[in-house]
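Chemist: Take this structure, written in structure tokens, and hold onto it; I'll ask about it next.
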Amino acid sequence: MKKIAILAALMTPLMALPVVAEMSVEDQIETRQSAYQFAAWNGKKIKAWAIEGSEEYSEQDIIAAANAIAAVANSGMGTLFSRDSANDRAENTRLKPNFFNELDNVKKIAVSFAQESTELQKIVADGDRTAVAEQFNKVVDTCKSCHDNYRAD
Ligand code: HEC
Numbered sequence: 011m012k013k014i015a016i017l018a019a020l021m022t023p024l025m026a027l028p029v030v031a032e033m034s035v036e037d038q039i040e041t042r043q044s045a046y047q048f049a050a051w052n053g054k055k056i057k058a059w060a061i062e063g064s065e066e067y068s069e070q071d072i073i074a075a076a077n078a079i080a081a082v083a084n085s086g087m088g089t090l091f092s093r094d095s096a097n098d099r100a101e102n103t104r105l106k107p108n109f110f111n112e113l114d115n116v117k118k119i120a121v122s123f124a125q126e127s128t129e130l131q132k133i134v135a136d137g138d139r140t141a142v143a144e145q146f147n148k149v150v151d152t153c154k155s156c157h158d159n160y161r162a163d
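If you count the sequence shown from 1, position 20 lands on 30 in this note's numbering, and the numbers rise without skipping.
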């Protein structure tokens, strides 16, 4: 009887795990790739106006793009990275396994990605092109530092 009670107590937190924990490795990979691609697609719109000057300013589009990037950055993507989803164990992914040996650094990058994207979201509202370009570059630096370390070529 006692044994069963202890077992039940141990099981409860496991059963309270979020739904995402049940995602298949394939779904984790597809979801994170789509999320990054979506962020990149939105980043291109900001880049075209703020850095390349190849697009006219559209307040609505730039604000929407910054909101989308910030939403990705703040969405808690960590749950889409299980050890089994790295490229030494899974197919169709560029995630390097060293990601899981360097979680402190990964976390630092992920927090910067979220903070710099949230800052960009605030700055775009003013429509100051130089300020947006500067802040956009800070966001891109966080993308790059993650790719340089944890994304295979
Ligand atoms: C915390 C680390 C991290 C951050 C931050 C990050 N990425 Fe990535 N990105 C990855 C990894 C890892 C992959 C490979 C995912 C896979 O193949 O499973 C990837 C893949 C991609 C891809 C390819 C998607 C595909 O279809 O295969 C694009 C595009 C991309 N990232 C753009 C960006 C942009 C733009 C940013 C910043 C706005 C960004 N990423 C921020 C780690 C990161």
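We put the beta carbon where it would ideally sit given N, CA and C, even for glycine.
#1: Given a cut-off of 9 Å on the beta-carbon distance, is the pair Leu130 and Ile79 in contact?
#2: Which first and last residues belong to the alpha helix (DSSP H) in which Lys106 is found?
#3: Looking only at its chain, what residues have a beta carbon closer than 8 Å to the beta carbon of Ala143, apart from the 5 residues adjacent to it on each side?
#4: Who does Arg161 pair with in a DSSP beta bridge?
#5: Under 8 Å by Cβ, that's how I've got Val149 and Ser127 pegged, so tell me the actual separation to the nearest angstrom.
#6: Cβ of Ile119 within 8 Å of any heavy atom in ligand 1?
#7: Below 9 Å between beta carbons: does that hold for Thr103 and Ile39?
#8: To the nearest angstrom, report how far apart Asp138 and Gly88 are at their CA atoms.
#9: Check Phe48 in the structure and name its three-state DSSP category.
#10: From which residue to which residue does the alpha helix (DSSP H) around Phe123 run?
#11: When you compare only the Cα positions, how much space is there between Met75 and Gly53?
#12: Which residue marks the beginning of the alpha helix (DSSP H) containing Asp138, and which one marks its end?
#13: Any heavy atom of ligand 1 closer than 8 Å to the beta-carbon of Phe9?
#14: Tell me whether Thr152 counts as near ligand 1, meaning its Cβ is closer than 8 Å to at least one heavy atom of that ligand.
Modeler: This is what the structure holds:
#1: Counting from one through the sequence shown, the residue named residue 130 turns up at place 120. Counting from one through the sequence shown, the residue named residue 79 turns up at place 69. Yes, the pair counts as a contact, with Cβ atoms nearer than the cut-off.
#2: Locating residue 106 in the sequence shown gives position 96, where the first residue counts as 1. Where Lys106 is concerned, there is no enclosing alpha helix (DSSP H), given that its DSSP letter is neither H nor E.
#3: As a position in the sequence shown, residue 143 is number 133, starting the count at 1. Residues of the same chain with a CB within less than 8 Å of the CB of Ala143, apart from the 5 flanking positions on each side, are Ala60, Ile61 in chain order.
#4: Numbered from 1 along the sequence shown, position 151 holds the residue referred to as residue 161. Under DSSP, Arg161 shares a beta bridge with Leu105.
#5: The residue labelled residue 149 in the question sits at position 139 within the sequence shown. The residue labelled residue 127 in the question sits at position 117 within the sequence shown. Sure, about 5 Å apart at Cβ, within 8 Å.
#6: If you number the sequence shown from 1, residue 119 lands on position 109. Ile119: yes, Cβ under 8 Å from ligand 1.
#7: As a first step, residue 103 must be located in the sequence shown, where it is residue number 93. As a first step, residue 39 must be located in the sequence shown, where it is residue number 29. Closer than 9 Å, so yes.
#8: In the sequence shown, counting from the first residue as 1, residue 138 sits at position 128. In the sequence shown, counting from the first residue as 1, residue 88 sits at position 78. Near 33 Å, if we compare the C-alpha coordinates of Gly88 and Asp138.
#9: As a working note, residue 48 is residue 38 in the sequence shown. The answer is helix: DSSP assigns Phe48 an H, G or I state.
#10: What you label residue 123 is simply residue 113 of the sequence shown in a count that begins at 1. First-last of the alpha helix (DSSP H) with Phe123: 113 to 134.
#11: Within the sequence shown, numbered from 1, the residue matching residue 75 stands at position 65. Within the sequence shown, numbered from 1, the residue matching residue 53 stands at position 43. It is worth fixing the name first, because residue 75 is Ala in this sequence and not Met. When rounded, the separation of the alpha-carbon atoms in Ala75 and Gly53 is 7 Å.
#12: By 1-based counting over the sequence shown, the position of residue 138 is 128. In this chain, Asp138 is not harboured by any alpha helix (DSSP H), its DSSP state being neither H nor E.
#13: With the chain covering 11 to 163 only, the question about residue 9 has no answer from this structure.
#14: Along the sequence shown, read from residue 1 onward, the residue named residue 152 stands at position 142. Within the chosen limit of 8 Å, ligand 1 reaches the beta carbon of Thr152 through at least one heavy atom.
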